[in-house]
Each structure stands twice: as structure tokens, then as C-alpha cells.
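**Q**
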Amino acid sequence: MKLIKALAGAALFACLLAPVALAETIVKITLIDKMGNGDLSKPLGLGMGMNADMAQAKMGIAANPKSALPGMVRFDVTNLASGLVHEVQVARINDEAQVLPYDQSRNKVDLEGLQTLGAVSEIMPNKSASLILDLAPGKYLLFCNVAGHYMAGMWTVIDVK
Ligand SMILES: [Cu+2]
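The end of the sequence shown is residue 1166 by our numbering, with every number in the run present.
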């Protein structure tokens, strides 16, 4: 009898989990820049973990919602920039205080030092693209790695929990 109860409990537990596992969380990502002809040739120091005043950022990534359930997460990315091509890289991070490895000569995040999971590359202005990833609980950084953009503030963090 105890065994049957245990099995029934396990089955019920599986039923409760299944819809969550199958559900696809949709996160809307918008890419914004008001950079105009601003100078991106030198790192602007607005990267993650740099204690920068992000209100100064002229480029950014907005995520809505900023959290998702573990499992399939669909990122619907729209580039709202007036003239610039952007991309979105997704990387697993330990915490938001982390300063990313940076290649100063290329003015880009050094991807070799990161656990990247996927990307939406080269989205033209006013275009959209999607990326679906199977995400485990944790923190994920979304950022644009076009030269200069990450340091101009083009990143955000989402929580999967
Ligand atoms: Cu960009």
C-alpha cells in the first residue's frame, strides 16, 4: 500500500512538472540605441560589474519579463535602433558583479572566456528574430558584441528560476 501511494505521489509530481517543462517562456527583447554618431572607438566603461551609472547608457537591451521558468525560453528580439545593426549573445554567468573578459584591441567581450549558449546575429534596424534555448536555473547575460556596444551599456541579465 505504501509503495502504491509512493508511486501515485511520483505520478502526480510528474504531472505537475510536465506542463512547466513543456511551457515556453517568451521573453521580449528590445534593442535600443540613441548613439547617433557617438564615438564607440574607446570602451565607454558601462559593462556589467563595473558599477557604472547605467542612466548614462545610450545603448541598451530591455528584457520583458526579466525572469523565466527553467526549460524552453524563447527570446523574441526586435532591433528598435534607427540605423545600427545589433546582435544578442546569451551567456551563463555566476553573478552580476562579475567583470567580463574584454579584448581591448577589438573593443569586444572576449567570448572565449565565457560560457555562451547561443546568439541572434546581425539584426537589421526595425527587424525581429527569435532564439529558443533550453535554460537551466541560473543567471544569464544578454549582450551585444558589435565593437563598442557592450561597453556602451548594451547588456542585461535575466534570472531563470
Ligand atoms: Cu549592438
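Beta carbons are placed, not taken as given, at the ideal position from N, Cα and C, and that holds for glycine. All values reported here derive from a predicted model rather than from experimental measurement.
In the DSSP output, what is N1084 paired with across the bridge?
**A** Translated into the one-based positions of the sequence shown, residue 1084 becomes position 79. DSSP lists L1036 as partners of N1084.
**Q** Under 9 Å, do L1036 and I1128 count as touching if we go by C-beta distance?
**A** Your numbering for residue 1036 matches position 31 in the sequence shown. Your numbering for residue 1128 matches position 123 in the sequence shown. For L1036 and I1128, yes; Cβs fall inside 9 Å.
**Q** Return the CA-CA distance between L1136 and H1091, expressed in angstroms with no decimal places.
**A** Translated into positions along the sequence shown, residue 1136 becomes position 131. Translated into positions along the sequence shown, residue 1091 becomes position 86. One C-alpha to the other measures close to 14 Å.
**Q** Using DSSP with H/G/I as helix, E/B as strand and the rest coil, what is M1156?
**A** Counting from 1 along the sequence shown, the entry for residue 1156 is found at position 151. Looking at M1156 - three-state DSSP - the assignment turns out to be helix.
**Q** Could you give the distance in angstroms between the alpha-carbon of S1087 and the alpha-carbon of D1038?
**A** Counted from its first residue, the sequence shown places residue 1087 at position 82. Counted from its first residue, the sequence shown places residue 1038 at position 33. Between S1087 and D1038, the C-alpha separation is close to 8 Å.
**Q** Could you give the distance in angstroms between the alpha-carbon of K1073 and the alpha-carbon of G1143?
**A** By 1-based counting over the sequence shown, the position of residue 1073 is 68. By 1-based counting over the sequence shown, the position of residue 1143 is 138. Note that residue 1073 corresponds to Ala in the displayed sequence, not to Lys. Distance between the alpha carbons of A1073 and G1143: 10 Å.
**Q** Let me know the secondary structure DSSP gives E1029 once reduced to three states.
**A** Along the sequence shown, one-based indexing puts residue 1029 at 24. E1029 falls in the coil class under three-state DSSP.
**Q** Going by DSSP, what residue range makes up the beta strand (DSSP E) through L1045?
**A** As a position in the sequence shown, residue 1045 is number 40, starting the count at 1. Looking at the DSSP string, L1045 is not in any beta strand (DSSP E), and its letter there is neither H nor E.
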